[in-house]
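These notes concern the structure reproduced below.
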Amino acid sequence: MQINRKSFLLFQVCAFLVFIGRAYQFYFFGAPFREFLWDESFLSPIVEGVFNTPWYDYATSPLVNKWIEFVTKGFSIVLLLGAFISLFWQQITWIKVKKSILGFGIFILILLGICLVKSKRYDPLQFFELSIQFAAIFVLFFSKNSKIANKRRLLFWLRVTIALVFISHGLFAMGLIYVPGHFIDMSISILGTTEAQTKHFLFVFGLLDVVASILIFVPKLYKYAFIYIIVWGIVTALARLVSGFNSDFVLNSFHQFLYLTIYRLPHGLMPLATFMLYKEFEKQPKN
């Protein structure tokens, strides 16, 4: 079944943004792989038992540290290739090559998600917050150019991934688990509110996130929920750059914060692509 050209292009752009933003992060700022590679309880039996190396020697080895940095930068190159393959998906005819690179890119991002979960005391919401970023790439991976086997199933899973992201975001903002410090810092920086006011503000929008995530499955109300999610997804992505921007250090501000906005823009653009696909699906004649 053919996907509308504009909708498919948005999926391509979203995958490109995720890949290019993460590639920049990996190359300049690294990735939290040490959360796994320096986990003594998990890796010491392998390091000491298989490689016959004392854990202290392994954990303090400059060579090991250099290899971690080397692999992380290598991953950034794979992600960069994935970005351009996503953007020129239909023009590249080497199906096995482009799917292999995208598949490796998906593996890297899943590994990143696992490390983020581990770094936050095994909080699974850290992984769920990445669902939209994974989904953008999976749409390309499982498509043949702009054709997809089952559009109804695709729409269902896209809505599930959107709901996972915004419910996770909402639960954090409401403080039902904990309120991430950067949520508070960004809000205070942009709005100029007190910490107490900021927590009330975050609670309200966190609740709206959860409600909207449910309403995208309700036929008569999904349009309004999607409008909120699209706007709020883009606003929260841009908030990373706005809150960290310093007019005295413009280039450094972009270097430090722009990539955070880039790989989060799909949190608004993927719902937009899904909404466009949903409207297209509704116009099709029912058998």
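Using the working numbering, the letters of the sequence shown correspond one by one to residues 8 to 294.
Quick reminder that beta carbons are idealized off the backbone N, C-alpha and C, glycines included.
Just to confirm before moving on: does the CB-CB distance between residue i and residue j stay below 8 Å?
i, j, result
"Lys270", "Val25", "The question names Lys, but residue 270 in the sequence shown is Tyr. For Tyr270 and Val25, yes; Cβs fall inside 8 Å."
"Trp96", "Lys106", "no"
"Phe173", "Ser220", "yes"
"Leu86", "Ala30", "yes"
"Ile169", "Ile236", "yes"
"Gly182", "Lys206", "yes"
"Phe135", "Leu171", "yes"
"Ile139", "Met277", "yes"
"Leu288", "Leu165", "Note that residue 288 is Phe in the sequence shown here, rather than Leu. Contact: no."
"Ala180", "Cys21", "no"
"Ile197", "Ala246", "yes"
"Gly120", "Leu132", "no"
Identify whether residue i lies in helix, strand or coil by the three-state DSSP scheme.
i, result
"Asp151", "Looking at the sequence provided, one finds Lys at residue 151 rather than Asp. Reduced to three states, the DSSP call for Lys151 is strand."
"Asn72", "helix"
"Val218", "helix"
"Arg12", "helix"
"Leu24", "helix"
"Leu109", "helix"
"Phe224", "coil"
"Trp239", "helix"
"Leu279", "helix"
"Phe208", "helix"
"Phe95", "coil"
"Leu272", "coil"
"Gly213", "helix"
Return the residue from the list the options that minimises the CA-CA distance to residue i.
i, options, result
"Ser83", "Leu265, Asn59, Tyr34", "Tyr34"
"Phe15", "Ser150, Gln204, Ile241", "Ser150"
"His189", "Tyr231, Phe134, Leu267", "Leu267"
"Phe145", "Glu42, Gln19, Ile236, Leu215", "Gln19"
"Phe282", "Gly81, Ile117, Val71, Ala232", "Ala232"
"Ala66", "Ala143, Thr79, Phe49", "Phe49"
"Arg41", "Ser194, Ile75, Thr100", "Ile75"
"Gln263", "Val249, His274, Leu272, Phe288", "Val249"
"Leu17", "Leu147, Met193, Tyr229", "Leu147"
"Leu94", "Ser194, Phe288, Ala143, Pro61", "Ala143"
"Gly275", "Ser254, Cys122, Phe288, Ala244", "Ala244"
So residue i packs on residue j, CB below 8 Å; how close in whole Å?
i, j, result
"Leu209", "Val238", "Actually they are not in contact, since the Cβ atoms of Leu209 and Val238 sit about 17 Å apart, beyond 8 Å."
"Glu202", "Ile191", "6 Å"
"Gly251", "Leu214", "So it is not a contact: roughly 26 Å between Cβ atoms."
"Leu272", "Ile241", "7 Å"
"Ala38", "Thr79", "5 Å"
"Phe77", "Leu116", "At roughly 19 Å, the Cβ-Cβ gap does not stay under 8 Å, so Phe77 and Leu116 are not in contact."
- Task: May I have a chain-ordered list of the alpha helix (DSSP H) segments no shorter than 4 residues that lie completely inside the region 118-196?
- Result: 132-135, 138-148, 158-181
- Query: Which parts of the region 38-90 are runs of the alpha helix (DSSP H), unbroken and 4 residues or longer, counting only runs that do not cross its ends?
  - Reply: 41-44, 47-51, 62-66
- Message: Could you tell me which whole alpha helix (DSSP H) segments of length 4 or greater appear in the region 246-270?
- Response: 257-269
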